[in-house]
Amino acid sequence: MGFEIVSQNEYLLVKLLGPCEGDDEQKIDKVFKAKQEETKLKLAVFNCSECSGVSALFLRQLATIYKELEKQNGKMRLVGANDSVIDTIQKNGLDRILVCKMSLRGALVDFGLATSKEFDVNFINPFLNATQKVFKVQAFIEARPGKPSLKKMSDPLLMGDISGIISIASETFKGTLAISMPEAMFLKILKNMLGTEQASISEDVVDLVGELANIILGQAKIELASLGYRLDMALPSCVWGKDHKIKHFGGGVCIVIPFETDSGTFYTEVMTNTNLTEKMGTPKVAKGA
Amino acid sequence: MFDPKTRILIVDDMPSMRKFIAISCKGLGFSDFIEGKNGNDGYEKLVSSNPPVGVVLCDWNMPECTGAEFLKRVRSEPRFKLLPFIMITAEGEKEFVVNAKELGVSAYIVKPFTADQLKEKLESVQAHLKAA
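In order, the protein sequence lines correspond to chains A and B.
So for the first sequence, numbering that gives the first Met the number 0 puts the first residue at 0; every next one is plus one.
So for the second sequence, numbering that gives the first Met the number 0 puts the first residue at 0; every next one is plus one.
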């Protein structure tokens with residue numbers, strides 16, 4: 000087992016690598032204590048997304064860290080823990096001190112470093128990267144991202160003629176991912192992937208756009224997991240027809256990312272029930288996606 | 000590689016994805032396919048198939064019965080203990096891969112995938128089968 004400790008601005012991020020037995024030569028509580036004395040940071044997040052399991056010995060070391068932080072009015076949280084880790088914590092009676100959150104955002108909210116209503120712009124880049132990769136690898140289409148923009152939640156219109164829609168749920172927000180494209184592009188993808196040539200969209204093939212949304216979300220989830228976000232995903236659905244609409248309830252934001260291709264423009268939309276408070280930055284373009 | 004006459008069971012709730020996987024397999028020389036739209040349907044097709052199914056290619060997230068539940072059921076029967084079962088799914092996080100391995104999956108492919116990746120996994124599975 001290994002671990003990495005990285006200083007963030009206001010907290011220490013400890014990434015657990017592999018199964019945690021606690022029998023390493025360098026005990027995590029000793030290494031953590033040294034780092035904490037060096038940085039004076041009193042908040043700690045343990046990212047367990049790559050940790051398949053923990054032993055009681057390791058949990059005792061984490062409990063030691065907790066006690067040291069508590070003395071200094073500090074806090075610690077675990078994020079991305081799987082069911083096995085959570086179960087072991089509970090069985091050892093440590094669930095009150097080794098508190099597990101689904102996502103890094105959830106931990107930061109507990110620390111008072113973020114509010115549950117803020118939207119993390121770093122959340123968008125995984126969707127951007129995933130869209131490019133999926134269109135290239137699965138649909139054989141090169142997609143070039145444009146500048147993201149905000150769409151009013153009261154605007155129900157989706158941009159294309161056919162859309163794949165899939166729900167997203169995380170600890171700190173709920174939302175929807177939609178992939179919306181013109182008819183001509185969908186027919187091209189149909190031909191590229193299935194060898195089917197047809198003049199218009201028909202009901203027997205529309206599931207393809209839902210599957211694309213599904214695969215994009217799956218890819219985004221992998222990158223988001225490395226950032227400490229845990230998402231659940233539902234089964235996708237598809238909507239089609241000129242000027243088709245989707246209505247979202249509950250407030251929040253809708254971020255639209257346009258993608259240019261040789262077959263036209265399509266859009267990835269990420270809609271959530273949170274309010275945007277941070278200014279959106281320039282999206283990072285994935286290399287070799 | 001598997002004999003081109005091998006019967007392949009493709010299980011996915013999306014008809015287009017079933018077709019896409021079949022096309023990918025055709026490109027590798029296979030021609031005998033049966034399909035299931037979820038784990039329950041897949042199981043029914045598996046047990047009633049004649050000739051027997053040689054390889055299962057299965058999605059994870061499906062209504063009624065997931066790919067994981069289907070895999071668990073398959074591996075619980077001695078006659079299917081060594082049946083090549085490849086998960087092809089959008090779920091790429093480590094916990095899913097680990098879970099699938101614990102359930103006895105033969106190989107795991109994360110969508111999006113290429114025909115070359117499918118070929119590589121089929122060859123790998125067959126090599127393990129020969130060695131077993």
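Virtual Cβ for every residue (Gly too), placed ideally from N, Cα, C.
This structure is a prediction, so every number in the text was calculated from the model and none was measured.
Quick check: what's the CA-CA separation for residue 276 (chain A) versus residue 168 (chain A)? Per-residue confidence for residue 276 (chain A) stands at a pLDDT of 34, beneath the threshold of 50, marking its modelled position as unreliable; the derived number appears in the next sentence. For residue 276 (chain A) and residue 168 (chain A), the distance between alpha carbons rounds to 20 Å.
For the beta strand (DSSP E) containing residue 123 (chain A), list its first residue and its last residue. Run containing residue 123 (chain A): none in the beta strand (DSSP E); it sits in the alpha helix (DSSP H), 123-136.
When you compare the CB positions of residue 126 (chain A) and residue 267 (chain A), do they come within less than 7 Å of one another, or not? Cβ atoms of residue 126 (chain A) and residue 267 (chain A): closer than 7 Å.
Report the neighbours of residue 221 (chain A) on chain B: residues whose CB is nearer than 7 Å to its CB, in chain order. Those within 7 Å of residue 221 (chain A) in chain B are 91 and 92.
Taking Cβ positions only, does residue 46 (chain A) come closer than 7 Å to chain B? Residue contact with chain B for residue 46 (chain A): absent (no Cβ-Cβ distance below 7 Å to any residue of chain B).
Any contact of the stretch 49-57 of chain A with the stretch 10-17 of chain A, i.e. 3+ C-beta pairs under 8 Å? The stretch 49-57 of chain A vs the stretch 10-17 of chain A: in contact.
CB contact check: residue 16 (chain B) to chain A, cutoff 7 Å: Output row for residue 16 (chain B): interface = yes.
Once DSSP output is grouped into helix, strand and coil, what is the label at residue 74 (chain B)? In the structure shown, residue 74 (chain B) falls within a helical segment according to DSSP collapsed to helix, strand and coil.
Who are the Cβ neighbours of residue 23 (chain B) in its own chain at under 6 Å, not counting the five residues just before and after it? Excluding sequence neighbours, residue 23 (chain B) sits near 114 and 117.
Does residue 288 (chain A) come within less than 7 Å of chain B when only Cβ atoms are used? At residue 288 (chain A), the pLDDT of 29 sits below 50, so the modelled position is not reliable and the matter cannot be decided from this model.
Buried or exposed: where does residue 72 (chain A) fall if 16 or more other Cβ atoms within 10 Å of its Cβ makes it buried? Exposed, by the Cβ-count rule.
Environment of residue 286 (chain A) [buried if 16+ CB atoms lie within 10 Å]: At residue 286 (chain A) the pLDDT is 31, less than 50, meaning the model places this residue with poor confidence; the figure from the coordinates comes in the next sentence. Looking at its Cβ environment, which holds fewer than 16 other Cβ atoms inside 10 Å, residue 286 (chain A) is exposed.
For residue 46 (chain A), which residues from the same chain have a beta carbon less than 6 Å from its beta carbon, with the 5 sequence-adjacent residues on both sides left out? Counting only Cβ-Cβ distances below 6 Å, and skipping sequence neighbours, we find 14, 78, 79 and 227.
Host alpha helix (DSSP H) of residue 232 (chain A) (start-end): Premise fails: residue 232 (chain A) lies in the beta strand (DSSP E), 230-232, not in any alpha helix (DSSP H).
If you compare alpha carbons, which of A:194, A:199 and A:216 is closest to residue 183 (chain A)? Comparing Cα-Cα distances from residue 183 (chain A) to each of A:194, A:199 and A:216, the minimum goes to A:199.
Name the one or two DSSP bridge partners that residue 238 (chain A) has. The partner list for residue 238 (chain A) (beta bridge, DSSP) reads A:162.
How close, in whole Å, do the beta carbons of residue 17 (chain B) and residue 7 (chain B) come, if the pair is a contact with beta carbons under 8 Å? For a cut-off of 8 Å, the C-beta gap from residue 17 (chain B) to residue 7 (chain B) is around 11 Å, too long to register as a contact.
Since I believe residue 53 (chain B) is in contact with residue 1 (chain B) (beta carbons under 8 Å), could you give me their beta-carbon distance rounded to a whole number of angstroms? The C-beta distance from residue 1 (chain B) to residue 53 (chain B) rounds to 6 Å, short enough to fall under 8 Å.
Counting beta carbon pairs with one atom in the stretch 87-104 of chain B and one in the stretch 215-230 of chain A, are three or more of them shorter than 8 Å? Flag = yes, the stretch 215-230 of chain A and the stretch 87-104 of chain B touch.
contact_flag[the stretch 92-106 of chain A, the stretch 202-211 of chain A] where n(CB pairs < 8 Å) is 3 or more: By the criterion of at least three beta-carbon pairs nearer than 8 Å, the stretch 92-106 of chain A is not in contact with the stretch 202-211 of chain A.
Helix, strand or coil, according to DSSP, for residue 90 (chain B) in the structure here? Coil.
Verify whether the separation of the beta carbon atoms of residue 28 (chain A) and residue 60 (chain A) is less than 7 Å. Cβ atoms of residue 28 (chain A) and residue 60 (chain A): closer than 7 Å.
Just verifying my parser: in three-state terms, what is the DSSP assignment at residue 175 (chain A)? In the three-state reduction of the DSSP assignment, residue 175 (chain A) falls in the strand class, which pools E and B.
Can you tell me the Cα-Cα spacing of residue 111 (chain B) and residue 37 (chain A), whole angstroms? Distance between the alpha carbons of residue 111 (chain B) and residue 37 (chain A): 44 Å.
List, in order along the chain, the chain B residues whose C-beta lies closer than 7 Å to that of residue 214 (chain A)? Residues of chain B passing the Cβ test: 89, 110 and 111.
So with CB distances below 7 Å, who are the chain B contacts of residue 158 (chain A)? Residues of chain B passing the Cβ test: none, with the nearest at roughly 22 Å.
Measure from the C-beta of residue 97 (chain B) to each C-beta in chain A and report whether the shortest distance is under 7 Å. Closer than 7 Å to some Cβ of chain A, the Cβ of residue 97 (chain B) qualifies, so yes.
What does residue 22 (chain B) touch in chain A if you count any residue whose Cβ is under 9 Å from its own? Here the neighbours are 192, 193 and 194.
If we cut at 7 Å on Cβ distances, does residue 137 (chain A) have a partner in chain B? Taking Cβ atoms only, chain B reaches closer than 7 Å to residue 137 (chain A), which makes this a yes.
Return the first residue and the last residue of the alpha helix (DSSP H) that residue 21 (chain B) is part of. Residue 21 (chain B) -> alpha helix (DSSP H) spans 14-26.
Could you check whether the Cβ of residue 77 (chain A) sits closer than 7 Å to any Cβ belonging to chain B? Closer than 7 Å to the CB of residue 77 (chain A) there is not a single CB belonging to chain B.
Can you check the stretch 170-216 of chain A for any alpha helix (DSSP H) of at least 4 residues that lies completely inside it and give the ranges in chain order? For the stretch 170-216 of chain A, the full-length alpha helix (DSSP H) segments reaching 4 residues or more read 182-193 along the chain.
Let me make sure I understand the geometry here. Which of A:43, A:39 and A:83 has the alpha-carbon closest to that of residue 3 (chain A)? It is A:43 whose Cα lies nearest to the Cα of residue 3 (chain A).
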